[in-house]
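Notes to accompany the following structure.
Numbering (this note's numbering), first residue to last: 7 to 280.
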């Protein structure tokens, strides 16, 4: 599994270059894209296409070649294979056959964007590509808004404006975020700002709506810790609304174990509020 550059060709490691030159076969996501890289490197290793739609069928054939002693490198168009790119099914099949899998590390848009974001939360949730349709995208994002993790996702240029609008609506315009565009390429953009500001920035400049995007959102701020009184209210309030005061307090005490006098005083406040 060979990582290839996500833009700047000088990011290819010497180990990756050697492997691509020495293997018997390269399984490439798009042979035309990988062909350009191999031409730049002066490498003539044979290639075949292994993409999302044929990976399961090709995996069986490649495992058979490996079992015969062939050495095969798998690459995606850019970055580390099997991370939001083809490769995972092939790796699983190779493991199942009891054959070795050797990762050749290198560029990844995930780690490249994350190291440039400056978020101090030690935990990260990598979503990958968000759903293309707006309703599905919003449904996927909604449960992520309050998680205590940095959220990293990829997005395509023709959806970036809508996706930023969805993030503002669901995460709030003040959530710190980073837009990382065209990483390691000539027109690289890394901009950190509140989500609402990023959405305006991209909408106002069509040049910022081109290329490949990594979106990074800071972890949700911690919620204030619930007090014991808050927890008791969850039990007490509906009881006070439906039962006589003494009965409500007695039942709430049996459930929560809280002091009767405190519950009674709070019940009186709830009653007065009602």
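Note that the Cβ used here is the ideal one computed from N, Cα and C, for glycine as well.
What does a CB cutoff of less than 6 angstroms around residue i pick up in its chain, not counting 5 residues either side in sequence?
{"i": "residue 34", "result": "40, 53, 81"}
{"i": "residue 198", "result": "184"}
{"i": "residue 65", "result": "95, 96, 99"}
{"i": "residue 83", "result": "35, 36, 39"}
{"i": "residue 186", "result": "119, 196, 220"}
Quick one: residues in its chain with C-beta nearer than 7 angstroms to the C-beta of residue i, no 5 flanking neighbours on either side, listed in chain order?
{"i": "residue 90", "result": "134, 135, 160"}
{"i": "residue 130", "result": "120, 155, 156, 158"}
{"i": "residue 128", "result": "none"}
{"i": "residue 251", "result": "273, 277"}
{"i": "residue 29", "result": "51, 77, 78, 79"}
{"i": "residue 137", "result": "143, 146"}
{"i": "residue 266", "result": "255, 259"}
{"i": "residue 68", "result": "33, 78, 96"}
Express the C-alpha separation of residue j and residue i in angstroms, rounding to a whole number.
{"i": "residue 156", "j": "residue 73", "result": "41 angstroms"}
{"i": "residue 77", "j": "residue 104", "result": "15 angstroms"}
{"i": "residue 220", "j": "residue 32", "result": "27 angstroms"}
{"i": "residue 70", "j": "residue 18", "result": "29 angstroms"}
{"i": "residue 258", "j": "residue 269", "result": "8 angstroms"}
{"i": "residue 192", "j": "residue 122", "result": "17 angstroms"}
{"i": "residue 151", "j": "residue 165", "result": "20 angstroms"}
{"i": "residue 238", "j": "residue 256", "result": "13 angstroms"}
{"i": "residue 8", "j": "residue 21", "result": "9 angstroms"}
{"i": "residue 75", "j": "residue 57", "result": "23 angstroms"}
{"i": "residue 48", "j": "residue 200", "result": "45 angstroms"}
{"i": "residue 139", "j": "residue 125", "result": "29 angstroms"}
{"i": "residue 253", "j": "residue 149", "result": "38 angstroms"}
{"i": "residue 271", "j": "residue 227", "result": "33 angstroms"}
Report the residue from the options whose alpha carbon sits nearest the alpha carbon of residue i.
{"i": "residue 261", "options": "241, 131, 179, 158", "result": "241"}
{"i": "residue 132", "options": "120, 125, 142", "result": "120"}
{"i": "residue 168", "options": "205, 10, 49", "result": "205"}
{"i": "residue 55", "options": "128, 170, 79, 108", "result": "79"}
{"i": "residue 37", "options": "24, 25, 28, 51", "result": "51"}
{"i": "residue 111", "options": "25, 149, 46", "result": "25"}
{"i": "residue 181", "options": "225, 194, 46, 106", "result": "225"}
{"i": "residue 222", "options": "115, 139, 246", "result": "115"}
{"i": "residue 88", "options": "68, 102, 109", "result": "109"}
For the putative contact between residue i and residue j, defined by C-beta atoms under 8 angstroms, what is the C-beta separation to the nearest angstrom?
{"i": "residue 85", "j": "residue 12", "result": "5 angstroms"}
{"i": "residue 153", "j": "residue 176", "result": "12 angstroms between Cβ atoms; not a contact."}
{"i": "residue 208", "j": "residue 173", "result": "Not really, about 11 angstroms apart at Cβ, beyond 8 angstroms."}
{"i": "residue 14", "j": "residue 190", "result": "4 angstroms"}
Under 8 angstroms Cβ to Cβ from residue i, same chain only, skipping five residues before and after it: list those, please.
{"i": "residue 202", "result": "174, 179, 180"}
Would residue i pass as an interface residue toward chain D - the criterion being a Cβ-Cβ separation below 9 angstroms?
{"i": "residue 102", "result": "Although the question refers to chain D, the structure presented lacks it and comprises just one protein chain."}
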